[in-house]
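Asker: Chains as they are written, first to last, in our numbering: chain A, 31 to 474; chain B, 535 to 825; chain C, 4 to 336. Using N, Cα and C, we set each Cβ at its ideal position, and we do this for glycine too.
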């Protein structure tokens, strides 16, 4: 009997159109735009100047502070300018514009495709390597990985959880990666285990990906301590707290981290990036992106250089269909809608979805009929209808009491609401306000 | 029969008597002394409870007024000089002269001037749109057009102009309580000093970007070219953050800057028409039917 | 770019569930009971249902159009559901004008004065029904005997409901074993062959509707199960204490409006609590009140009153009974 998390959840149509499409290499575009803020935390400081020649894999921006990440050039060529561009955040951010000239990689990168399973580096060296290589969580949250690998004094981690759930509809990049790079991922998991000093790692995969489960289960027999677990399909299983609950039945207390229950969660994509960084000395400058949509002629999974404009990716997938109404970066439930196709692919871009016009419009908002479906859908057992009203009316103290800050913005409530109410829109607004209020209170 | 009536009357009267005695003692015991002047002051105040004075409501403001040594910093924008004058007279103090103010929108980005590059489709709330992204246009400073300010206005002094997709402030109804200023997530509403005949000259733009990108996003943006600064004979205009600002204390309403501005982002309102040539700012003229 | 894209906060997908679909789901679930009541009561059932539905829709339309002056939303199906439920709570021979008065009370007073769908604290159909029961007690308690299409409308042969028989009999000092011959057998009651409100008689048809609602996930099991469960337990205790004075649990469930009330009336979205914990408390409250009214109250039937009384507690329950949040208590396993 496959496991799952106990409360809430929804079952959106899976629409995994590209599940059987092998990962293709996307040609390098003529120019790339690399934003300096592709992760949670402080933006990186640019260390190149206009006119400099950079190689593929060369560091172009340095991490500022502990929670931050290095950024590397994904192409070789000349720095055209350093300017601002609208990125997936929806606002203008500083970015490095590079005109591509050839594809000359930094010499230290091992471009041999041979798989190295023996881990030579020590735990500390691995963490340093992750920091150096600019590894961030590739599931979408883009939290710098070296921070997650550093267990603070006084806390203990006894099990590593690898997230291969990919519960968002449409997206298949992790699925394909597990099928095609299974051994690399498992080596990456071993590396992560070594860095965290744990002897056990569980890989959780939803059982709509039986081929990946079978493939990894077979491979995992030679990796000690790594086991693969099938999970029942339910959104939002890929959420950290839900996955921990489903796999090892520990409940992360409200406002705390997985480390507080002795575990750390990493994405399979991150495990692969860690493998490449540690074994192949290759920094994070490309990732697998699913480009999909019901009316797209050639949807697929592509290995894309960071900074490639989304429009280039869409061209490769057969051009933008006439009826495109919305472009979503990430999954349809948690992704961000982007307002133009020139936005570059960043480290956190797991997919690009082109929604047709009729699916891109929200339904008309009507009155709340108090059906309670949002409460039923909430995986954290919050009361979304109440949180929305409190946020709308600005009653933030009450909202804090109702634990608005627990909300992980999975969108299940808005998804299920029969009245089409923008529950999450307002909850997000209230959450931001409450967090600000709490910060200000703590400052005093 | 008559006995029943008698008993009823007696018992009820007794009950009433006992209750009233208890009530009297309780009222005496829990009596809270309040300055009677608070009530009197409150009666003068407009009772709009708008919060424009900085207090939660008129009652709180009345308490503050009675307690205050001087009226420095205390002002009821709604009542203005008349109300403050009569409160001052009642309390035997002097009300400082506070200039009446009026709210002004520092953005003129109608779709005509500021092309829409995307369509916002979420909940109709400026704050949500502002948190989400740059907005429907390429200007990250300008009006989002989702009417948070109009909803915040307790005096019906604002409405959305469906053509320009911008809010319009009705000068006669605006009491400068500042609710809209607080409601606007982009902080593009300013309280400016009221001039005679409701005349106004102001830079109707909030874009802090450099000229080039600002101009690409909107035709009527301030590009910080400095022409108005040179044209102004009274040093009323300063440029900060790529944005010109006209100081109402220094401005003499000569209108020289208006003619100089290459992007027509300086706006004049309620002036008699100029003789020689007609300018392009027709769209901001107060066209509200309610006035 | 020529193509202007839509931008909105996430999520960018919607489950395609709408208020309208939910309401029409309830209508579909009511159909089996409607057909059985037409089978038992003939033309009367058709006349009562049609009048009630049409007048409910008309009142909602008129009020929204001419008093609220807002977009008319009668197509959302909520007035249709109210109309059908109101009809289901009436005897099949009730005069048309009483139905119209009842619809007016349901829609205009119980629903629209509070602002329409989503704001009414009390179940509109039940408010209408209770109003009629108090204002027109004679017409509201003369129950036609089921006789199919041979049942006349105005001149139907009437009889008492099983609950009224028991209540009356016990009052006259008879014991249950003497009364048992006068009441229908459980299988008759299950099939609905007894006197009573139009929609409440046929237990099997209501259960089919219940199954449909559960499969379509329109309602959850909490409210109906807790009502029926608490009635069963309470009446079982009373029955065990004195089988001569108290009817058995099966009788209490099948007779009267327990099933209709538990499945369709108490589960009304607007007037029922929103989280499972309070749903169960609400359901148990209704069950216990129903039995109290039936056994010790003046009326033979108490479901309507019980639901309305518990409706009044719903805002309180929504405010104070909170689901256990994820991560609220640490329990490591």
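Comparing the C-beta of residue 469 of chain A with each C-beta of chain B, is any distance below 8 Å?
Answerer: Between residue 469 of chain A and chain B, the shortest Cβ-Cβ separation is not below 8 Å.
Asker: Listing by chain order, which chain A residues have their CB less than 7 Å from the CB of residue 666 of chain B?
Answerer: 120
Asker: With distance defined between alpha-carbon atoms, name the residue in C:45, C:44 and C:28 nearest to residue 272 of chain C.
Answerer: C:28
Asker: Could you have a look at residue 374 of chain A and say whether DSSP puts it in helix, strand or coil?
Answerer: strand
Asker: If you measure beta-carbon to beta-carbon, which residues of the stretch 641-664 of chain B are closer than 9 Å to chain C?
Answerer: 650, 651, 652, 653, 654, 655, 656, 657, 662 and 663
Asker: Strictly under 8 Å for the Cβ-Cβ distance: is residue 222 of chain C near chain B by that measure?
Answerer: no
Asker: Leaving out the 5 sequence neighbours to the left and right, which residues in its chain are closer than 7 Å to residue 393 of chain A when beta-carbon positions are compared?
Answerer: Excluding positions up to five away in sequence, the list reads 450.
Asker: Span of the beta strand (DSSP E) holding residue 779 of chain B?
Answerer: Note, residue 779 of chain B: beta strand (DSSP E), 777-780.
Asker: Assign residue 81 of chain C to one of two classes, buried (16 or more other C-beta atoms within 10 Å of its C-beta) or exposed (fewer than that).
Answerer: buried
Asker: Which of the three DSSP states, helix, strand or coil, is assigned to residue 153 of chain A?
Answerer: helix
Asker: Assuming residue 134 of chain C contacts residue 108 of chain C under a Cβ cut-off of 8 Å, what Cβ separation, rounded to an integer in Å, is found between them?
Answerer: 4 Å
Asker: For the stretch 14-48 of chain C, which residues have a beta carbon sitting closer than 8 Å to at least one beta carbon of chain A?
Answerer: 14, 15, 16, 17, 18, 20, 21, 22, 24 and 25
Asker: Specify whether the stretch 308-328 of chain A and the stretch 375-387 of chain A touch according to this definition: at least 3 beta carbon pairs, one from each stretch, less than 8 Å apart.
Answerer: yes
Asker: May I have a chain-ordered list of the beta strand (DSSP E) segments no shorter than 3 residues that lie completely inside the stretch 101-183 of chain A?
Answerer: Fully enclosed beta strand (DSSP E) runs of 3 or longer: 107-116 and 122-130.
Asker: Tell me residue 637 of chain B's beta-bridge partners as DSSP assigns them.
Answerer: B:725
Asker: How would you list, in chain order, the residues of chain C whose beta-carbon sits under 9 Å from the beta-carbon of residue 423 of chain A?
Answerer: Residues of chain C passing the Cβ test: none, with the nearest at roughly 15 Å.
Asker: Exposed or buried, which one is residue 309 of chain A when buried takes at least 16 other CB atoms within 10 Å?
Answerer: buried
Asker: With a cut-off of 8 Å on the beta carbons, I'd call residue 752 of chain B and residue 671 of chain B a contact; round off their distance for me.
Answerer: 7 Å
Asker: Going by beta carbon distance, what residues of the same chain come within less than 6 Å of residue 2 of chain C, once the five residues before and after it are set aside?
Answerer: Summary: the structure shown does not reach residue 2 of chain C, with chain C confined to residues 4 through 336, and so no result is reported for it.
Asker: Indicate whether residue 274 of chain C and residue 306 of chain C have their beta-carbon atoms separated by less than 8 Å.
Answerer: no
Asker: Looking only at C-alpha atoms, which of B:639, B:696 and B:701 sits nearest to residue 723 of chain B?
Answerer: B:639
Asker: Assuming the contact rule is C-beta atoms closer than 8 Å, residue 333 of chain A and residue 316 of chain A should be a hit. Round their C-beta distance to whole Å, please.
Answerer: 6 Å
Asker: For residue 76 of chain C, which three-state DSSP category applies?
Answerer: Taken through DSSP and simplified to helix, strand or coil, residue 76 of chain C comes out as coil.
Asker: Indicate whether residue 145 of chain A and residue 225 of chain A have their beta-carbon atoms separated by less than 8 Å.
Answerer: no
Asker: Under 8 Å Cβ-Cβ, which residues of chain A neighbour residue 674 of chain B?
Answerer: 121 and 122
Asker: Roughly how far, in whole angstroms, is the beta-carbon of residue 106 of chain A from the beta-carbon of residue 132 of chain A, given that I think they are within contact range, below 8 Å?
Answerer: 6 Å
Asker: Select from the stretch 134-152 of chain C all residues with a C-beta closer than 9 Å to any C-beta belonging to chain B, and list them in chain order.
Answerer: none
Asker: Would you tell me roughly how many angstroms separate the C-alpha atoms of residue 26 of chain C and residue 443 of chain A, rounded to the nearest one?
Answerer: Roughly 19 Å separates the two Cα atoms.
Asker: Is there contact here, the stretch 186-205 of chain A with the stretch 354-362 of chain A, by at least three beta-carbon pairs under 8 Å?
Answerer: yes
Asker: Where in the stretch 637-688 of chain B do unbroken runs of the beta strand (DSSP E), each at least 3 residues long, occur, reported from the N-terminal end onward?
Answerer: 652-654
Asker: So, does the CB of residue 223 of chain A fall closer than 8 Å to a CB anywhere in chain C?
Answerer: no
Asker: Would you call the stretch 640-658 of chain B in contact with the stretch 617-627 of chain B, where contact means no fewer than 3 C-beta pairs closer than 8 Å?
Answerer: no
Asker: Inspect the CB distances between the stretch 753-773 of chain B and the stretch 787-798 of chain B and report whether three or more fall short of 8 Å.
Answerer: When C-beta atoms of the stretch 753-773 of chain B are compared with those of the stretch 787-798 of chain B, three or more pairs fall below 8 Å, so the two segments count as touching.
Asker: For residue 54 of chain C, does the three-state DSSP call read helix, strand or coil?
Answerer: Residue state, collapsed to three classes: helix.
Asker: Rounded to whole angstroms, what is the Cα-Cα separation between residue 459 of chain A and residue 267 of chain C?
Answerer: 37 Å
Asker: In the DSSP assignment, find the unbroken beta strand (DSSP E) run with residue 61 of chain A in it and report its ends.
Answerer: 61-65
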